[in-house]
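Asker: Residue numbers for the sequence shown follow the numbering used here, beginning at 9 and rising by one. Sending over a structure as structure tokens; questions will come in a sec.
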Amino acid sequence: MAEQNKQPLIDLVSAKGIAEMDAWLAKYPKKGKRSAVMGGLMMAQLENNNHLTPELMDAVADYIGIPHMAAYEVATFYSMYNLEPVGKYVINVCTNISCSLRGSDEVLAHLKDRLGIEPGETTDDKQFTIKSVECLGACAGAPMFEVDRVYHENLDKEKINSIIDRLASPAN
Numbered sequence: 009m010a011e012q013n014k015q016p017l018i019d020l021v022s023a024k025g026i027a028e029m030d031a032w033l034a035k036y037p038k039k040g041k042r043s044a045v046m047g048g049l050m051m052a053q054l055e056n057n058n059h060l061t062p063e064l065m066d067a068v069a070d071y072i073g074i075p076h077m078a079a080y081e082v083a084t085f086y087s088m089y090n091l092e093p094v095g096k097y098v099i100n101v102c103t104n105i106s107c108s109l110r111g112s113d114e115v116l117a118h119l120k121d122r123l124g125i126e127p128g129e130t131t132d133d134k135q136f137t138i139k140s141v142e143c144l145g146a147c148a149g150a151p152m153f154e155v156d157r158v159y160h161e162n163l164d165k166e167k168i169n170s171i172i173d174r175l176a177s178p179a180n
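What follows is the structure, encoded as structure tokens:
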């Protein structure tokens, strides 16, 4: 039986978020409802300025009916979940073997120089966070990074600068 959270999910997310959570739960048989935790955590994260709090993880677990620790295990295992506040744009740089062999170190170095931050840090204006992550499954397009669920492949300094300039523009 799950521990009881002080605030239910319905009080922490929008009606749209609850509908999304219910849709995730409907995809799985009752005995497999634990499988909805990934979708539930992502929904909660997106509704909370792209980061999860212990309160949100507990509320998702309670809504699904699983132990809080089960939600924490998922949130801490996968790099797509942010357990600390992040910038408006999280740049997930793949540093696994294919990307590493094709220049991910140079991508990270250029991002660090351009944005003035290290992986795991956020710019002072709260616009960008850099994360070094494991394989994103786009090895043929290495080196690459992902921002807002969009893959940017075959990166070089010019492409990186263009992407950063576009994201930093007032239109975004």
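Glycine included, every Cβ here is placed at the ideal spot set by N, Cα and C.
How many angstroms separate the CA atom of Arg110 from the CA atom of Asn169?
Answerer: 18 Å
Asker: What residue range is occupied by the uninterrupted alpha helix (DSSP H) comprising Ser106?
Answerer: Ile105 to Leu109
Asker: Provide the residue(s) that pair with His160 in DSSP beta bridges, ordered along the chain.
Answerer: Note: His160 sits in a beta bridge opposite Phe153.
Asker: Which of the three DSSP states is assigned to Thr137 in this structure?
Answerer: strand
Asker: Hey, how far is the Cα of Asn90 from the Cα of Pro16?
Answerer: 21 Å
Asker: My guess is that Lys139 and Ile99 are in contact by the Cβ rule of under 8 Å, so how many angstroms apart are they, rounded?
Answerer: 7 Å
Asker: What distance in whole Å lies between the Cβ atoms of Val45 and Ala67, which are believed to be in contact at a cut-off of 8 Å?
Answerer: With 8 Å as the limit, Ala67 and Val45 do not qualify as a contact, their Cβ atoms being about 12 Å apart.
Asker: Let me know the secondary structure DSSP gives Tyr86 once reduced to three states.
Answerer: Tyr86 falls in the coil class under three-state DSSP.
Asker: With a threshold of 16 other CB atoms inside 10 Å of the CB of Gly124, please say whether the residue is buried or exposed.
Answerer: exposed
Asker: Which partner residues of Lys172 appear in the DSSP bridge assignment?
Answerer: At residue 172 the sequence reads Ile, which differs from the Lys that was named. Answer by DSSP bridge pairing: none, since Ile172 is not bridged.
Asker: When you measure from the CB of Ile72 to every non-hydrogen atom of the ligand NAP, does any distance come out below 7 Å?
Answerer: As presented, the structure is devoid of all ligands, the ligand NAP included, so that no description of it is given.
Asker: I'd like to know if the segment 18-27 and the segment 44-60 are in contact, where contact means that at least 3 CB-CB pairs between them fall below 8 Å.
Answerer: yes
Asker: Rounded to the nearest angstrom, what separates Pro8 and Phe85 at their Cα positions?
Answerer: No statement about residue 8 is possible, as the shown extent of the chain runs from 9 to 180 and does not include it.
Asker: Please report the distance separating the alpha-carbon of Val101 from that of His160.
Answerer: 10 Å
Asker: Suppose you measure from the CA of Gln135 to the CA of Asp156; what does that come to, to the nearest Å?
Answerer: Gln135 and Asp156 have their C-alpha atoms spaced approximately 13 Å apart.
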